[in-house]
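Take a look at the structure below.
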Amino acid sequence: MTTGSLPETISAWTLDIEIAKGVKGGVPEEWKSGKRWFGVILSHKPSPDEVIVNLETLWLDLQYQRSIQHYRPDRFKEGIFRYENSQREVVLEIIGFPPQTEEDIFSQ
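The numbers in our numbering rise by one with no breaks, and the one at position 28 of the sequence shown is 28.
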């Protein structure tokens with residue numbers, strides 16, 4: 001972050017801050033198991049060019065629902081049928097993550 005941006009790649013984001021706070025236990029406590037941990041949740045409003053797929057929009061599409069039902073249960077049991085829309089996920093390709101304002105950062 002000292003360079004003014006955070007390098008990023010293709011990654012998954014959520015549309016819901018409460019979900020982000022709970023993923024993998026959320027932002028860790030500062031001290032846990034004798035180790036000091038740091039974690040933050042960053043907010044980002046992507047441009048349309050950054051969005052690879054909005055899984056929430058896809059999940060709500062009736063044609064998509066029919067297609068995955070056709071192949072159920074074994075083809076997608078570790079993916080879409082395991083999580084459904086519980087993560088409200090969007091997959092983004094972000095070249096660099098710009099500096100954030102205080103409102104865009106959540107930490108404990």
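Here a beta-carbon is modelled for each residue, glycine too, at the ideal position from N, C-alpha and C.
| Query | Result |
| --- | --- |
| Give the DSSP-derived three-state secondary structure of T14 in the structure shown. | strand |
| Name the two residues that bound the continuous beta strand (DSSP E) containing I52. | V51 to N54 |
| Count the other CB atoms within 10 Å of the CB of T2; is the residue buried (16 or more) or exposed (fewer)? | Only weak support is given to the placement of T2: the predicted model assigns it a pLDDT of 48, under 50, and the question is left unresolved by the model. |
| Which of the three DSSP states is assigned to R66 in this structure? | helix |
| Are the CB atoms of K89 and E56 nearer to each other than 8 Å? | Before going on, a small fix: residue 89 reads as Glu here, not Lys. The answer is yes: Cβ separation under 8 Å. |
| Pull up the CB-CB distance for V91 and V53, whole angstroms please, since I reckon it's below 8 Å. | 5 Å |
| Helix, strand or coil: how does DSSP classify R82 here? | helix |
| Based on Cα-Cα distance, which residue from Q65, L62 and L42 lies nearest to K21? | L42 |
| Could you pull the start and end residues of the beta strand (DSSP E) that I91 belongs to? | It should be pointed out that residue 91 corresponds to Val in this sequence rather than to Ile. Where V91 is concerned, the enclosing beta strand (DSSP E) stretches over E89 to E93. |
| Could you tell me the alpha carbon to alpha carbon distance between K45 and E18, rounded to whole angstroms? | 16 Å |
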